[in-house]
Amino acid sequence: IGLNLQPQDLIHMVKKTTLVTVSSAVIFTISGFIIAKMFGYNFIESLLIGAAMSFSSTIVGLKLLPTTILHHQRTGEIIISILLLQDLFAIIILMILKGGKGGISEADFAIIEMFKLLFVLPIFIGVAWVLQKYLLLPLFRKFDRIQEYIFLMAIAWCLSLAQMAEFLGLSSEIGAFIAGITLASSPISLYIAESLKPLRDFFL
1 IGLNLQPQDL
11 IHMVKKTTLV
21 TVSSAVIFTI
31 SGFIIAKMFG
41 YNFIESLLIG
51 AAMSFSSTIV
61 GLKLLPTTIL
71 HHQRTGEIII
81 SILLLQDLFA
91 IIILMILKGG
101 KGGISEADFA
111 IIEMFKLLFV
121 LPIFIGVAWV
131 LQKYLLLPLF
141 RKFDRIQEYI
151 FLMAIAWCLS
161 LAQMAEFLGL
171 SSEIGAFIAG
181 ITLASSPISL
191 YIAESLKPLR
201 DFFL
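Quick look at the structure:
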């Protein structure tokens with residue numbers, strides 16, 4: 001997903017879209033929570049339903065955007081930044097849900113999740129960035145004439161980071177998302193995004 005916007009552009013646009021994203025997330029979370037309570041769900045279940053209702057489908061949103069708007073117009077950049085900011089919120093929720101599967105107290109659980117957010121996740125992002133700069137990009141430059149090689153390397157990169165994130169106690173979704181963000185800084189990121197589009201549409 002992160003292939004569709006350069007990291008520096010994302011940071012610039014997120015500053016302008018944070019208010020809209022957070023406001024819409026709060027409104028839909030509260031609405032989902034109230035509706036779930038009306039149907040008899042308990043507090044935790046209602047909160048989870050409300051949180052789920054606060055997110056848009058990033059992949060469907062990108063699929064429905066015309067290519068000209070997606071890549072060449074400010075509207076496309078704003079929409080992508082909102083969707084990616086929602087994904088960042090979803091990463092936090094995924095980490096909480098994943099950690100909640102264990103039989104530990106709420107206090108211990110909160111400490112563990114805070115440790116992951118403040119320590120493990122930044123280290124994982126740093127390692128991914130270093131590997132991308134000193135391993136992945138040199139390989140892309142060396143074999144850039146072979147289109148099939150670029151395609152397979154992009155898939156291998158995403159799967160590898162997904163597996164690494166799973167090993168570190170995060171989630172495969174987090175790893176794949178960060179893999180896309182790091183690939184977006186590549187000079188051929190748009191080509192990679194276009195080459196992966198048929199595969200994305202097939203699973204969609």
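For the sequence shown, my numbering assigns the number 1 to the initial residue and increments by one for each residue that follows.
All C-beta atoms in this analysis are idealised placements derived from N, C-alpha and C, irrespective of residue type, glycine included.
Close-in-space but distant-in-sequence residues of the same chain around I125 (CB under 7 angstroms, 5 per side omitted): The residue labelled residue 125 in the question sits at position 125 within the sequence shown. Only I178 meet the Cβ criterion.
For I174 and I91, believed in contact at Cβ under 8 angstroms, the rounded distance: Locating residue 91 in the sequence shown gives position 91, where the first residue counts as 1. Locating residue 174 in the sequence shown gives position 174, where the first residue counts as 1. The pair is a contact, with the Cβ atoms about 5 angstroms apart (cut-off 8 angstroms).
C-alpha gap between S54 and K142, whole angstroms: The sequence position of residue 54 within the sequence shown is 54, counting from 1. The sequence position of residue 142 within the sequence shown is 142, counting from 1. Roughly 43 angstroms separates the two Cα atoms.
Which listed residue (Y149, M13 and F39) has its alpha carbon closest to that of L196: Numbered from its first residue, the sequence shown carries residue 196 at position 196. If we check each option's Cα against that of L196, Y149 comes out closest.
Limits of the unbroken alpha helix (DSSP H) element including Y191: In the sequence shown, residue 191 corresponds to position 191, counting from 1. Y191 -> alpha helix (DSSP H) spans S189 to F203.
Buried or exposed (CB count within 10 angstroms, at least 16 for buried), G40: Position 40 of the sequence shown holds residue 40. Exposed, since its Cβ has fewer than 16 Cβ neighbours within 10 Å.
Buried or exposed by the 16-neighbour rule on C-beta atoms within 10 Å, applied to Q163: As a first step, residue 163 is located in the sequence shown; it is residue number 163 there, counting from the start. Exposed, because fewer than 16 other Cβ atoms sit within 10 Å of the Cβ of Q163.
F43 to A51 span [Cα, whole Å]: Here residue 43 refers to the residue found at position 43 when the sequence shown is read from its first residue. Here residue 51 refers to the residue found at position 51 when the sequence shown is read from its first residue. F43 and A51: Cα-Cα distance of roughly 12 angstroms.
Check whether S185 and I192 have beta carbons under 8 angstroms apart: Translated into positions along the sequence shown, residue 185 becomes position 185. Translated into positions along the sequence shown, residue 192 becomes position 192. No, they are not a contact pair.
Distance between beta carbons of L85 and T17, contact taken as under 8 angstroms: Walking along the sequence shown from the start, residue 17 turns up at place 17. Walking along the sequence shown from the start, residue 85 turns up at place 85. Yes, T17 and L85 are in contact; Cβ-Cβ is about 6 angstroms, under 8 angstroms.
Top-ranked residue by Cα proximity to F151, from S172, S171 and I188: Position 151 of the sequence shown, counting from 1, holds the residue named residue 151. With distances taken between Cα atoms, F151 lies closest to I188.
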